[in-house]
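*Asks:* Sending over a structure as structure tokens; questions will come in a sec.
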Amino acid sequence: MGEEGWHAFEVAMAQVDAGRVLLLSSVPGLGPRLSWVEAALNLLPNMHKYEDDLRDQWQSRAHRTEWRRFLERLAEIHRNPATPVTLLSGEIHLATRATFDTAPAPMHQLVASGISHPAPTVAYALALDVLARFGETPLPGKPIRLHPLPGKTSIYISQRNYLVLERWSGEWTVRWELEKDGSTPLLQL
Numbered sequence: 000m001g002e003e004g005w006h007a008f009e010v011a012m013a014q015v016d017a018g019r020v021l022l023l024s025s026v027p028g029l030g031p032r033l034s035w036v037e038a039a040l041n042l043l044p045n046m047h048k049y050e051d052d053l054r055d056q057w058q059s060r061a062h063r064t065e066w067r068r069f070l071e072r073l074a075e076i077h078r079n080p081a082t083p084v085t086l087l088s089g090e091i092h093l094a095t096r097a098t099f100d101t102a103p104a105p106m107h108q109l110v111a112s113g114i115s116h117p118a119p120t121v122a123y124a125l126a127l128d129v130l131a132r133f134g135e136t137p138l139p140g141k142p143i144r145l146h147p148l149p150g151k152t153s154i155y156i157s158q159r160n161y162l163v164l165e166r167w168s169g170e171w172t173v174r175w176e177l178e179k180d181g182s183t184p185l186l187q188l
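Following numbering that gives the first Met the number 0, the numbering of the sequence shown begins with 0 at its first residue and continues without gaps.
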């Protein structure tokens with residue numbers, strides 16, 4: 000983000016006083032270590048075309064310092080039990096979820112993608128799945144973990160999908176609607 004973006008982010012975060020904070024980001028704020036992928040692509044011929052896509056992600060080595068700043072600020076807001084933070088994002092054309100281990104309870108990230116895009120290949124999802132299993136800890140002692148959707152075994156689901164977030168009597172639940180598999184079981188936030 001440029002300075003104007005950071006300023007707008009800080010102004011918005013300063014206005015948080017009570018209730019669940021739903022932060023929408025066009026790209027996932029929690030994810031695997033993409034710097035390994037960036038390094039590998041630099042070694043392979045004709046792979047530079049993917050570099051721009053990777054640099055759009057928070058996890059890119061080009062944005063490591065900004066990513067830590069972003070996560071530190073979110074953890075600061077989330078630390079107050081009256082203002083739990085949930086990240087909502089898309090862009091990767093897959094469905095997944097993640098947690099950021101920060102006090103007082105893990106912060107959730109929910110990823111769904113626009114249903115107008117065709118689903119990527121299963122091989123793409125499996126490659127990200129393998130990468131995600133290595134884990135990532137951009138802030139010491141606060142690992143990021145990617146998890147399968149409720150009722151699934153793979154971390155990334157390669158189906159068109161959308162997210163349903165509901166609040167009943169102050170309790171938040173989420174489910175994904177998957178093009179081929181239908182509804183996932185509910186996940187309580």
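Even for Gly, the Cβ is constructed at its ideal location relative to N, Cα and C.
When DSSP builds the beta bridges, which residues end up paired with Q187?
*Replies:* In the sequence shown, residue 187 corresponds to position 188, counting from 1. BP columns for Q187 point to T172.
*Asks:* From the DSSP output, in three-state form, read off L23 for me.
*Replies:* As a position in the sequence shown, residue 23 is number 24, starting the count at 1. Three-state result, L23: strand.
*Asks:* Out of curiosity, what's the CA-to-CA distance linking Y161 and G140?
*Replies:* Here the question's residue 161 lines up with position 162 in the sequence shown. Here the question's residue 140 lines up with position 141 in the sequence shown. In a straight line, the C-alpha of Y161 is about 32 Å away from that of G140.
*Asks:* For S88, write down the residues that DSSP places opposite it in a beta bridge.
*Replies:* Locating residue 88 in the sequence shown gives position 89, counting from the first residue. Looking at the DSSP assignment, S88 forms a beta bridge with S24, V110.
*Asks:* Within this structure, are the beta carbons of P31 and E178 separated by less than 9 Å?
*Replies:* Along the sequence shown, one-based indexing puts residue 31 at 32. Along the sequence shown, one-based indexing puts residue 178 at 179. Not a contact, by the Cβ cut-off of 9 Å.
*Asks:* Taking C-beta to C-beta, are Q108 and L87 nearer than 9 Å?
*Replies:* In the sequence shown, counting from the first residue as 1, residue 108 sits at position 109. In the sequence shown, counting from the first residue as 1, residue 87 sits at position 88. Yes. Within cutoff.
*Asks:* Assuming T98 contacts R144 (C-beta within less than 8 Å), just tell me the rounded distance between them.
*Replies:* Taking the sequence shown and counting its residues from 1, one reaches residue 98 at position 99. Taking the sequence shown and counting its residues from 1, one reaches residue 144 at position 145. Their Cβ separation, rounded to whole angstroms, is 5 Å, which keeps T98 and R144 in contact under 8 Å.
*Asks:* CB-CB under 7 Å to A111, same chain, minus the five flanking residues each way: which ones, in chain order?
*Replies:* Counting from 1 along the sequence shown, the entry for residue 111 is found at position 112. G89, A94, N160, Y161, L162, W175.
*Asks:* Going by CA-CA distance only, name the one from P117, Y155, G113 that's closest to S25.
*Replies:* Counting from one through the sequence shown, the residue named residue 25 turns up at place 26. For the residues P117, Y155, G113, the minimum Cα distance to S25 belongs to G113.
*Asks:* If I follow the unbroken alpha helix (DSSP H) through H6, where does it start and stop?
*Replies:* Against the sequence shown, residue 6 aligns to sequence position 7. Run containing H6: 2-13, per the alpha helix (DSSP H) assignment.
*Asks:* What three-state label does DSSP hand I143 in the structure shown?
*Replies:* To locate residue 143, count along the sequence shown from 1; it is residue 144. Strand at I143.
*Asks:* Beta carbon of A124, beta carbon of A102: below 9 Å?
*Replies:* Position 125 of the sequence shown, counted from the first residue, corresponds to residue 124. Position 103 of the sequence shown, counted from the first residue, corresponds to residue 102. In this structure, A102 does not lie closer than 9 Å to A124 by Cβ.
*Asks:* How far does the alpha helix (DSSP H) with F69 in it extend, from its first residue to its last?
*Replies:* As a working mapping, residue 69 is identified with position 70 in the sequence shown. Here the alpha helix (DSSP H) through F69 covers 63-77.
*Asks:* Do W167 and T85 have their C-beta atoms closer together than 9 Å?
*Replies:* Here residue 167 corresponds to residue number 168 of the sequence shown, with the count starting at 1. Here residue 85 corresponds to residue number 86 of the sequence shown, with the count starting at 1. The answer is no: Cβ separation not under 9 Å.
*Asks:* Should T82 and G18 be called a contact, given that it needs their Cβ atoms to be closer than 9 Å?
*Replies:* Taking the first residue of the sequence shown as position 1, residue 82 is located at position 83. Taking the first residue of the sequence shown as position 1, residue 18 is located at position 19. The answer is yes: Cβ separation under 9 Å.
*Asks:* Expressed to the nearest angstrom, what Euclidean distance is found between the alpha-carbon atoms of P119 and R68?
*Replies:* Taking the first residue of the sequence shown as position 1, residue 119 is located at position 120. Taking the first residue of the sequence shown as position 1, residue 68 is located at position 69. Between P119 and R68, the C-alpha separation is close to 31 Å.
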